[in-house]
Every structure is written in C-alpha cells, then in structure tokens.
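Numbering (full-length UniProt numbering), first residue to last: 1 to 162.
Here is the structure we will look at, set down as structure tokens.
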Amino acid sequence: MEKPAIVRIFPDYADTVLWLDRPVDYELAGLTPSLEQELKDWEQFYYDSLTRDFAWKAPDLPSFYAAEGNRLAQRLADELGDGYEVQFTPYEENAVARRFRGTKSPNSRAVAAFDALVAAARAEQDRISRALAAHPPEEGTGWFAASPLSGNVFKPPRAGQE
1 MEKPAIVRIF PDYADTVLWL DRPVDYELAG LTPSLEQELK DWEQFYYDSL
51 TRDFAWKAPD LPSFYAAEGN RLAQRLADEL GDGYEVQFTP YEENAVARRF
101 RGTKSPNSRA VAAFDALVAA ARAEQDRISR ALAAHPPEEG TGWFAASPLS
151 GNVFKPPRAG QE
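Here it is, written out as structure tokens:
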C-alpha cells in the first residue's frame, strides 16, 4: 500500500495555507466552501495577530492560532479521507508537528482534486529524476542545476576550462 500523501497547512504569504510540494490554490482544491472560508479566516487572523516585526500582538494569540490550526487540520483531513495526512506545526516555541487522518466520509471532489495535484507533483519529480539520471554528475564537479521541463542539466565549468 502506498504511503498517504502529506498536505501541510500554514500561512506563508502565498494566498493559501494549503501546501503539497508548492502552494495549492483554493480554486484547485475542491474543498467545501465553508472549510475554504475558515482556512482563509484563520490565515487572516494570523497576519492580523502579528506586529511588523512578526511578533504576536498579545500572549494568548499563539495558543488560539495553534488550537484553530489543529481543528482545521482535522477538518481538512476529514475532507481528504484516508489517502492523505494533514500536517500542522504551530509557530510556538518547542511546538511539534501533528499529523491528522480523516475520520469521516471524505469530500469526493476534494479527493479527486488532490489526487490530480499529487499525480502532477509526482510526475514532475519523476521528470527531474530521469533528467538527473540521464546526466549524472561527474565525480568532483560540484554544483549543477537541472531543468525538469527541458531535461537540460547545467554544470559549472571545471577549473581551468573557463
């Protein structure tokens, strides 16, 4: 059995709190409108709770943010079903990540949307792996970059080859 995909939730100025290998737009997620709105409200609460220096404006705000994050992570897990885990890590000192699994009947629209997003992310990772395998770095060459869409690999010149 394949390991469940992990969806992470956290605000990070991406206009969404949903993350796979990159931010997931709400329009692509297939979530129920009520959950989508609650996630947006939670993200706005987070931004409104911080000073310009990213400190909490009041001492009770981090615990409310964490409690609401845990509640929303479970709601999201319930919509995504047992093929997914939802991870949330509060921004409190010594906080640990928690993973949530669905306990209710999933939202088939959200499951289909995330299945497609995960499949696309895995296909991209496979393209990157194939590009790297086709152009393995030579021993001692150091850094290089790979373009997954074109399959090109860019290697820095070796010393004396510039």
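The beta carbon of each residue, even a glycine, is placed where N, CA and C say it ideally should be.
Note the first and the last residue of the continuous alpha helix (DSSP H) segment covering residue i.
i      : result
Arg130 : 108 to 134
Ala73  : 61 to 80
Leu39  : 33 to 48
Identify whether residue i lies in helix, strand or coil by the three-state DSSP scheme.
i      : result
Tyr91  : coil
Pro11  : coil
Phe154 : strand
Ala55  : coil
Ala29  : helix
Ala145 : strand
Taking just the CA atoms, how far does residue j sit from residue i?
i           : j      : result
Leu31       : Val111 : 9 Å
Arg122      : Leu20  : 11 Å
Glu124      : Glu27  : 21 Å
Phe154      : Ala133 : 14 Å
Leu35       : Arg75  : 7 Å
residue 164 : Trp42  : Only positions 1 to 162 of the chain appear in this structure, which leaves residue 164 out of reach.
Leu117      : Pro33  : 19 Å
Leu18       : Ala146 : 26 Å
Arg109      : Ala77  : 14 Å
residue 169 : Asn152 : Residue 169 is absent from the structure shown; the chain starts at 1 and stops at 162.
Leu61       : Gln44  : 13 Å
Gly81       : Gly102 : 5 Å
Among all the DSSP beta bridges, which residues are the ones paired with residue i?
i     : result
Glu85 : Ile6
Trp23 : Going by the sequence as given, residue 23 is Pro instead of Trp. Answer is Trp19.
State the start and end residues of the unbroken beta strand (DSSP E) segment that holds residue i.
i     : result
Arg98 : 98 to 100
- Between the region 83 to 94 and the region 3 to 13, are three or more C-beta pairs nearer than 8 Å? The region 83 to 94 makes contact with the region 3 to 13: 3 or more CB pairs, one atom from each, lie closer than 8 Å.
- Does the pairing of the region 95 to 109 with the region 64 to 81 give three or more beta-carbon distances under 8 Å? Yes: at least three Cβ pairs fall under 8 Å.
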